[in-house]
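Counting in our numbering, the sequence shown runs from 54 upward without gaps.
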Amino acid sequence: MNLTNAVALITGGSGGIGFAIARSLVDAGARVAITGRDKAKLDAAARELGAFAIQADVAVEADVLRTYKEVITHFGDLDILVNNAGIGTFQNLVDMDTVGFERVFATNVTGVMMMGREAAKIFVARNRGNIVNICSTASLRGAPKGTVYYASKFAVRGMTEYWRAELRKNNVRVMLVNPSEVVTDFFATNGLSQKVNDSKLRGEEIAWAVKAGLEMDDRGFVPELSVFATNPVD
Ligand SMILES: NC(=O)c1ccc[n+]([C@@H]2O[C@H](COP(=O)([O-])OP(=O)(O)OC[C@H]3O[C@@H](n4cnc5c(N)ncnc54)[C@H](OP(=O)(O)O)[C@@H]3O)[C@@H](O)[C@H]2O)c1
């Protein structure tokens, strides 16, 4: 697709990987809306990007419905959804509590589903569109303390497979992108420590993969793409 003037909606575009994706799509000439919960952070990011800010929580259905109303009112159209917002909690199975479990699923799975559902309504009516689900290499294998985060990403991977099967006949391209470790605030925000150095991935590498996938001619699409650091040092 040609990204010039395309309308892209990026959840969690106020920081980390979503911000980098937003920047690369703005630089490619797209009209971009970003969402996030923290209004001050969101507005600062939108100003820096030249993007349209929509304060919304993907886990809240009324926010999801309002997000699409605001996008259509502001831009009159939608070409791309990037389902990027995600959180985690990392505990051993024996310590896992249901509140934390359901909180992660509400954002990473129910939120992704609701955002995808509303985008699909628009895309099916237009008979074209693009959904990029930012998943994780956590959807490919397990690791200690991964119960809820890894399960949520396996679920995103599963949903993506189904959406692809359902929506191809409507010319909707559904893509899954699996970053491995990326240097962002995700670790600090979600109770983990992260060693930062230049060998690790930045949001820019993930943004490159998303943009490249979108720019392929509409007759083709990349169903799934994993991005690894070449030689990460921890
Ligand atoms: N960093 C990594 O190593 C890594 C690796 C693989 C996959 N991923 C995935 O990549 C995605 C982005 O991660 P990141 O590293 O960029 O995280 P991040 O730096 O923590 O940024 C997350 C963004 O999502 C927003 N957000 C969180 N919950 C939200 C909600 N319920 N509704 C709307 N916005 C929400 C945050 O803003 P607010 O807090 O203001 O809402 C922020 O803008 C996630 O799905 C994550 O699972 C990350």
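C-beta atoms are modelled at their ideal positions from N, C-alpha and C, and glycine is treated no differently.
Predicted model, so just to flag it, every value in this text is computed and none were measured.
| query | result |
| --- | --- |
| Simplified DSSP state of E234, which is helix, strand or coil | coil |
| Reduced DSSP category for S205 - H, G, I as helix; E, B as strand; rest coil | helix |
| Spatial distance of I175 from V117 (CA atoms) | 14 Å |
| beta-carbon T237 near ligand 1 non-hydrogen atom, thresh 7 Å | yes |
| Reduced DSSP category for F281 - H, G, I as helix; E, B as strand; rest coil | coil |
| Delimiting residues of the alpha helix (DSSP H) encompassing G103 | Looking at the DSSP string, G103 is not in any alpha helix (DSSP H), and its letter there is neither H nor E. |
| Heavy atom of ligand 1 within 7 Å of P232 beta-carbon | yes |
| Chain-order list of residues whose beta-carbon lies under 6 Å from that of I107 (same chain, five-residue window excluded) | A86, T88, T120, E123 |
| Enclosing beta strand (DSSP E) for G89 [first to last residue] | 84-89 |
| Proximity to A262 [Cα-Cα], best of L95, A282, N250, K248 | A282 |
| Whether A104 touches G66 by CB criterion (8 Å) | yes |
| N-terminal and C-terminal residue of the alpha helix (DSSP H) that V177 is part of | 165-179 |
| Secondary structure of R289, DSSP reduced to three states | Residue 289 cannot be examined here, being either before or after the span of the chain that is shown, 54 to 287. |
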